[in-house]
Amino acid sequence: MYTVCHHCGGIGEVPIPVLAVVGGVGRTATANRTCPVCDTNGRLTGMVPPI
Ligand SMILES: [Zn+2]
C-alpha cells in the first residue's frame, strides 16, 4: 500500500520557477528540483493524506 506523492504527483521532481535573464530580457524559466517529500520515489509508504 502506498500513496502517490501529493507534492510532485509521483514524478519525484517538482518544477520550480526561476528568474532567468536571457539576452537582456528577464523571463521565467522552470527547473526541476528533487521532491523533498518523497525523495524522488514518487510514492509514500502507507496512506498519507495531503497536507
Ligand atoms: Zn514527491
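Letter by letter, the sequence shown follows residues 1116 to 1166 in our numbering. Beta carbons are placed, not taken as given, at the ideal position from N, Cα and C, and that holds for glycine. This structure is a prediction, so every number in the text was calculated from the model and none was measured.
- Rounded to the nearest angstrom, the gap between the Cα atoms of His1122 and Asn1156 is 11 Å.
- The beta carbon of Val1133 sits closer than 8 Å to those of Thr1143, Ala1144, Thr1145 and Ala1146, all from its chain and outside the five residues before and after it, given in chain order.
- Beyond the five residues adjoining it in sequence on each side, Cys1150 comes within less than 7 Å, by CB distance, of Cys1120, His1122, Cys1123, Gly1127, Glu1128 and Val1129 in the same chain, given in chain order.
- Setting aside the 5 residues that flank it on each side, Gly1141 is surrounded in the same chain by Leu1134, each with a C-beta closer than 7 Å to its C-beta; the list follows chain order.
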